[in-house]
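This report refers to the structure that appears directly beneath it.
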Amino acid sequence: MASRKRKAPKGKKVNPKFWVFCEGETEEAFIYYLKAKYRLPFKIIPKIIGQNISDDLIERHKNKKETHIKDKTFLIYDADVPDVLNRLKAIKKGKLLATNPTIEYWFLLHYKNQTGSISEAECIRQLCNRNHNTYKKGLIDDKLKQQLDTKQNEANKRAKQTRLYENPSSNIFEFLEELEQAKGEI
8 MASRKRKAPK
18 GKKVNPKFWV
28 FCEGETEEAF
38 IYYLKAKYRL
48 PFKIIPKIIG
58 QNISDDLIER
68 HKNKKETHIK
78 DKTFLIYDAD
88 VPDVLNRLKA
98 IKKGKLLATN
108 PTIEYWFLLH
118 YKNQTGSISE
128 AECIRQLCNR
138 NHNTYKKGLI
148 DDKLKQQLDT
158 KQNEANKRAK
168 QTRLYENPSS
178 NIFEFLEELE
188 QAKGEI
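Heads up, the working numbering is the position in the sequence shown plus 7, with the first residue counted as 1.
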């Protein structure tokens, strides 16, 4: 089944869709947080796929909706499992946004410059200590939202100093730069 193409009415601009395929609930919650934060006039469509992601699976999901040449596809995944990471790197139909060991490392960069190797459990422990509460996967609470809002530039700078796919690292900032660019074009 070929995907249905969207056409712009004469004289109208077509706003892109940002297709975001992600590993789990925390990544999806983060994307919903970004949708609310940026309030852009285009769709950000998060879809939890898990570790069975492939070019064919991406196409099957996109074929169910109308698409446009301006649409962009992103994959937000943890980079801590070598076999999964190799499969993700082979996908050509989307931009890989990877965090090693876990997306919680990206959140932690909003609090501190973590340069040494770290586990998922340690990321979560440090988030709990810094927020003085119990961190729950799949939930972006108010304290974390405040930190994500106010410390984004610092986290971006810190992430840019890491080596992609190594522990620790993240290139989530590339998605945020895309959102900022899209915001500037409106």
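Quick reminder that beta carbons are idealized off the backbone N, C-alpha and C, glycines included.
Note that this is a predicted model, so its numbers are computed, not measured.
#1: Can you list, in chain order, the residues of its chain whose CB lies under 6 Å from that of Ala162, leaving out five sequence neighbours each side?
#2: How would you write the range of the alpha helix (DSSP H) that Phe182 sits in, first residue to last?
#3: Per the contact definition of three or more C-beta pairs closer than 8 Å, is the stretch 168-188 in contact with the stretch 86-96?
#4: So, at 6 Å on beta carbons, what are the nonlocal neighbours of Leu41 in its own chain, with the 5 sequence-adjacent residues on each side left out?
#5: DSSP beta-bridge partners for Phe81?
#6: Pull up the distance between the alpha-carbon of Ser126 and that of Glu35, whole angstroms please.
#7: By a C-beta neighbour count over all protein chains shown, 10 Å radius and 16 as the cutoff for buried, is Ala105 buried or exposed?
#8: Output needed for Gln154: all residues of its chain with C-beta closer than 7 Å, excluding positions within five of it in sequence on either side, in chain order.
#9: Less than 8 Å between the beta carbons of Thr74 and Gly101, yes or no?
#10: Return the CA-CA distance between Ser50 and Glu185, expressed in angstroms with no decimal places.
#11: CB Leu151 to CB Phe114, shorter than 8 Å?
#12: In terms of residues, what are the limits of the beta strand (DSSP E) holding Pro53?
For this structure:
#1: Leu116, His117
#2: 180-191
#3: The stretch 86-96 is in contact with the stretch 168-188.
#4: none
#5: Val27, Lys102
#6: 21 Å
#7: buried
#8: His117, Tyr118
#9: No, Cβ-Cβ distance for Thr74 and Gly101 is not below 8 Å.
#10: A small correction: the amino acid at residue 50 is Lys; Ser does not occupy that position in the sequence shown. Rounded to whole angstroms, Lys50 to Glu185 spans 13 Å at the Cα level.
#11: yes
#12: Boundaries of the beta strand (DSSP E) around Pro53: 50-55.
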